[in-house]
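Novice: One structure follows; several queries about it will come next.
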Amino acid sequence: MAFSRGKCLLKRRLDERHMTQSELSRRTGYSRQIISHYANDRSMMSPEAMKTISYVLRCSMESLYEWVWSDQ
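Be aware that the sequence shown starts at 0, since it is given in numbering that gives the first Met the number 0, and climbs by one per residue.
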């Protein structure tokens, strides 16, 4: 039994902060392309990326993804 990451909520967090992916890219040092990959669920953020992005967005790391409970 454990949680696993579901859908990425980065777009929602960016909207809440009225921030673009380009601005997040500039403020984190991550490429615009990788931010887009995260936001569109094409790549999963590393714990380090989650920490950096959550710091810039002033949100918790956990709020960057939906979390799904699995009994398996």
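The beta carbon of each residue, even a glycine, is placed where N, CA and C say it ideally should be.
What you are looking at is a predicted structure, and each value in this text was computed from that prediction instead of being measured.
Between the beta-carbon of residue 60 and the beta-carbon of residue 53, is there less than 8 Å?
Specialist: Cβ distance < 8 Å, so residue 60 and residue 53 count as in contact.
Novice: Would you mind giving the Cβ-Cβ distance between residue 7 and residue 37, rounded to the nearest angstrom? I have them listed as a contact below 8 Å.
Specialist: Yes, they are in contact, since the Cβ atoms of residue 7 and residue 37 sit about 6 Å apart, within 8 Å.
Novice: Among the candidates 71, 65, 70, whose CA atom is the shortest distance from the CA of residue 40?
Specialist: It is 65.
Novice: Quick check on residue 42: does DSSP put it in helix, strand or coil?
Specialist: Three-state DSSP puts residue 42 in coil, outside helix and strand.
Novice: Among 67, 62, 2, whose alpha-carbon lies nearest the alpha-carbon of residue 15?
Specialist: Nearest option by C-alpha distance: 62.
Novice: As a quick exercise: from 58, 1, 0, pick the residue whose alpha carbon is nearest that of residue 10.
Specialist: The option with the nearest alpha carbon to residue 10 is 58.
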